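Some notes on the structure that comes next.
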Amino acid sequence: MFGNKKLSSLVSLLVIVVTILSACTTPTPQVIEKEVVVEKPVIETVIVEKEVVVEKPVVETVIVEKEVEVVVTATPEMGTRKGGTLVIGWSGEFTALDCQHNNLHTNRITNNICENLVGEDTTRVGEAFAPPKPQLAESWDISEDGLAYTFHLREGVKFTDGTPFDAEAVKINFDRYMNEESSLYNVETAAQMKALIAPINGYRVVDSMTFEITLKDPFGSFLLYLKHRQFGITSPTALMEHSADMEGKYLVGTGPFVFSEQEQGVQVVLERNPAYWGTGPYLDKVIFRIMPDDSARLAALQTGEIDVSIVVPADRVADLQQDPNVEVVFPSHAHIMFWFLNHRDPDIQNLKVRQALWHAIDVEGMVKGIFGDKAVPMKSFLPPGNPAYRPDYEHPYPYNPERAKELLAEAGYAFEELKIRICYPIKAGSFSEPGQIAQFVQSYLNAAGFDAELDPYETAAFFATFDGTTGDCQMLQGGWQSIADKPHMLQQLHSCDAGLWNDGQYCNEEFDKLLGQARPLPLEESIPIYQKAEDLLLQEVGTIPILLDKQPRAFHKRVQNLLFGPSTWWELNEVWVQQ
64 MFGNKKLSSL VSLLVIVVTI LSACTTPTPQ VIEKEVVVEK PVIETVIVEK
114 EVVVEKPVVE TVIVEKEVEV VVTATPEMGT RKGGTLVIGW SGEFTALDCQ
164 HNNLHTNRIT NNICENLVGE DTTRVGEAFA PPKPQLAESW DISEDGLAYT
214 FHLREGVKFT DGTPFDAEAV KINFDRYMNE ESSLYNVETA AQMKALIAPI
264 NGYRVVDSMT FEITLKDPFG SFLLYLKHRQ FGITSPTALM EHSADMEGKY
314 LVGTGPFVFS EQEQGVQVVL ERNPAYWGTG PYLDKVIFRI MPDDSARLAA
364 LQTGEIDVSI VVPADRVADL QQDPNVEVVF PSHAHIMFWF LNHRDPDIQN
414 LKVRQALWHA IDVEGMVKGI FGDKAVPMKS FLPPGNPAYR PDYEHPYPYN
464 PERAKELLAE AGYAFEELKI RICYPIKAGS FSEPGQIAQF VQSYLNAAGF
514 DAELDPYETA AFFATFDGTT GDCQMLQGGW QSIADKPHML QQLHSCDAGL
564 WNDGQYCNEE FDKLLGQARP LPLEESIPIY QKAEDLLLQE VGTIPILLDK
614 QPRAFHKRVQ NLLFGPSTWW ELNEVWVQQ
């Protein structure tokens, strides 16, 4: 629900934007000012097809006085140019190109190949929440007891290999990771999907264009689960022919782009799907070019060799902002960075050791030293923008190296006796400065009496090695943003049944019990329970939060309608390049 002041503000903004854009024959992004908003979650009742009432989380907006700059991008209907190539400079290697594999950097590619039953509204720039929207399902019904979700599928859609999209195609995809009796069942895929499918009890084809999912218990946020990109639907023909190798050339979806080629260590290329059922695509081709060197990548952006830089170091933002051909934006989605702790390690299992680790790290000093004002120190795990976030949360173990030394001694360790292996990626797609963060942490731990050593990994090796495990590392750098605006991210990263997403293997029955109590409740009612679960996680030092990365992105001003809003995923079908 939006207040009257917000409605008035939005109307005024709309008039300004329309006036600006209508005066331009070739629209470019404009910078205007608007009032900052503070958002809080509420439940809105909406009507979908068949007059079924569905509850979905939205935000209530309260206006405050502070003003900020907002980038407003021209709409594709005004001056749209079809054709051309978008080149995105990437900072690390891509891993498996499989829609059901959990890797943020890979999912940003497969997101434009495979589509979900339920999508998300990625257009709400400046907002913290991307609400669900129909995608391959045109509408859905929810039973009165909240256990059965019936999806009415979009007619006339085909996969890019010509296979019709229908309920049987959806079932075959679910068989791949849920039906152990199916010939398509894949153990690795099931492990990748474990956290997402945990609430599901069963599924079935109702008729050719109707698919039903039943849950173990009511789960108020289930639609938010379904919009995760790992639920992307792949062609059943491709699955049946190449189920053991769904990477790359065998990856076939219904999306706006088609996989073209992958040159290991160089680039991944997508081409336009001319038969796409939705809007666009306007681009002929999208190239994800691997450019790990920050200076080379940003130089290529400024010379026009590439169109987008996925990573912009904090110390280069001011320089790029002075370039008349470059736009620097800050996405509104939450991206947190933290440390998984190895709860299988005997030393880390000692609570005093974990408390000492957190006390030893000067998070505020580190964040200021590396990022300036381009990141925010974290003392809780749920970030700003998450409905369960508490800005006044009291840090359970603030920076105190002397207390860290005392705790180590109480745990029975002499100074510099306890070895801590810190594992991290040299470059990690969209994570900012992982190496500098690791170096700061090493220096803090050594000063507090640990014997910390660094163990860096190339990007692809990092994600291949640490998939549901911390290996022999005591600390493993982690980052998350795909569901950081939802409190059930606690379950997906730290519950006993989280599968490959719980790299630290933290497992606490009381924590899981609280999550189970929160799941069936409407969002507002679940928030205090999720906060109680977060309290338990942090008191036990199940993980160590580090920062909220503002993640500056940069793109050439010839790129139009590239939106960095509340979603971590990019929908490129309505992007075009102005020549």
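The numbering of the sequence shown is my numbering, which starts it at 64 and goes up by one.
Yeah, the Cβ is synthetic: ideal placement off N, Cα and C, and Gly gets one too.
Keep in mind the model is a prediction, meaning the values are calculated, not measured.
Sequence-distant residues of the same chain with beta carbon closer than 7 Å to residue i, five excluded per side
i      : result
VAL329 : ILE353
GLY367 : HIS619
ASP566 : PHE403, PHE529, GLY531, THR532, THR533, LEU539, GLY541
GLN384 : VAL391
Bounding residues of the beta strand (DSSP E) (the contiguous stretch that carries residue i)
i      : result
TRP402 : 399-404
ARG616 : 616-619
VAL329 : Neither: VAL329 is in no beta strand (DSSP E) and is coded neither H nor E.
ASP518 : 514-520
Best match in the options for proximity to residue i [C-alpha to C-alpha]
i      : options                        : result
ASP280 : GLU637, TYR456, ILE263         : ILE263
PHE525 : LEU414, MET256, LYS490         : LYS490
VAL389 : ALA617, GLY152, ARG144, THR631 : ALA617
LEU470 : GLN580, PRO376, VAL332, ILE411 : ILE411
GLN555 : ASP518, GLU597, ALA523         : GLU597
ASP204 : MET256, PRO447, ILE276, ASN170 : ILE276
ASP514 : LEU420, GLN385, GLY225, TRP543 : LEU420
LYS482 : ASN509, ILE369, GLN384         : ASN509
SER495 : PHE444, GLU457, ARG453, PHE434 : PHE434
LEU625 : ALA377, ASP378, THR186, ALA474 : THR186
ALA200 : LEU286, LEU149, ASP357, MET552 : LEU286
LEU247 : GLN255, LYS257, ILE235         : ILE235
GLY432 : GLU190, TYR476, VAL374, LEU610 : LEU610
GLU479 : TYR507, PRO488, ASP455         : TYR507
VAL268 : LYS290, HIS305, LEU216         : LEU216
THR631 : LYS576, TRP543, TYR569         : TRP543
TYR487 : ALA338, PHE157, PRO591, PHE401 : PHE401
LEU601 : PHE444, ALA523, PRO550         : PHE444
Residue range of the unbroken alpha helix (DSSP H) whose run includes residue i
i      : result
ILE649 : Any property of residue 649 remains undetermined from this structure, which presents the chain solely from 64 to 642.
LEU586 : 586-602
GLN555 : 552-557
GLY152 : Unbroken run through GLY152 is the beta strand (DSSP E), 148-153; no alpha helix (DSSP H).
ARG417 : 414-423
MET255 : In the sequence as presented, Met is not what sits at residue 255; that position holds Gln. Unbroken alpha helix (DSSP H) run through GLN255: 250-260.
ASP382 : 380-384
ASN660 : Outside the displayed range of the chain (64 to 642) lies residue 660, so it cannot be described from this structure.
C-alpha gap between residue i and residue j, whole angstroms
i      : j      : result
ILE500 : ARG484 : 14 Å
SER558 : GLN594 : 15 Å
LEU586 : LYS221 : 36 Å
LYS442 : HIS164 : 30 Å
ASN413 : ILE172 : 41 Å
VAL640 : VAL371 : 11 Å
PHE214 : MET241 : 18 Å
ASN571 : GLU183 : 32 Å
ALA363 : CYS177 : 30 Å
ALA211 : PRO194 : 20 Å
GLN327 : LEU160 : 12 Å
LEU180 : MET272 : 12 Å
ARG466 : PHE274 : 57 Å
GLU573 : SER206 : 30 Å
MET303 : THR297 : 11 Å
GLU231 : LEU314 : 18 Å
HIS291 : GLN325 : 24 Å
PHE627 : LEU577 : 34 Å
THR342 : PRO299 : 24 Å
LEU553 : PRO446 : 11 Å
GLU457 : HIS551 : 21 Å
PRO519 : CYS162 : 27 Å
8 Å Cβ shell around residue i - same chain, five flanking residues per side excluded
i      : result
PHE282 : GLY209, PRO262, TYR288, ARG582, PRO583
ARG335 : PRO319, PHE320, VAL321, PRO344, LEU346, ASP347, LYS348
ASN175 : GLY318, PRO319, PHE320, LEU333, VAL349, TRP633, GLU634, LEU635, ASN636
GLN642 : ARG144, GLY147, ARG621
Presumed contact (8 Å Cβ cut-off) between residue i and residue j, rounded CB distance
i      : j      : result
THR223 : GLY155 : Rounded, the Cβ-Cβ distance is 27 Å, inconsistent with contact.
ILE350 : ILE607 : At roughly 37 Å, the Cβ-Cβ gap does not stay under 8 Å, so ILE350 and ILE607 are not in contact.
TYR460 : GLN418 : 6 Å
LEU259 : PHE294 : 7 Å
LYS437 : LYS613 : 5 Å
ILE424 : VAL504 : 6 Å
SER395 : PRO197 : 22 Å between Cβ atoms; not a contact.
ARG239 : THR252 : 6 Å
PRO615 : VAL416 : Not confirmed; about 36 Å, so no contact.
ASP356 : PRO376 : Contact doesn't hold; Cβ gap of about 11 Å is too wide.
Residue i beta carbon near the ligand SAH (any heavy atom closer than 8 Å)
i      : result
LEU286 : Only the bare structure without any ligand can be found here, which leaves the ligand SAH out of the picture.
Proximal residues to residue i (C-beta, below 6 Å), its chain only, five neighbours per side dropped
i      : result
GLY427 : Correcting the residue type first, residue 427 is Glu in the shown sequence and not Gly. For GLU427, where only same-chain residues beyond five positions count, the Cβ hits under 6 Å are PRO440.
ILE592 : LEU577, GLN580, ALA581
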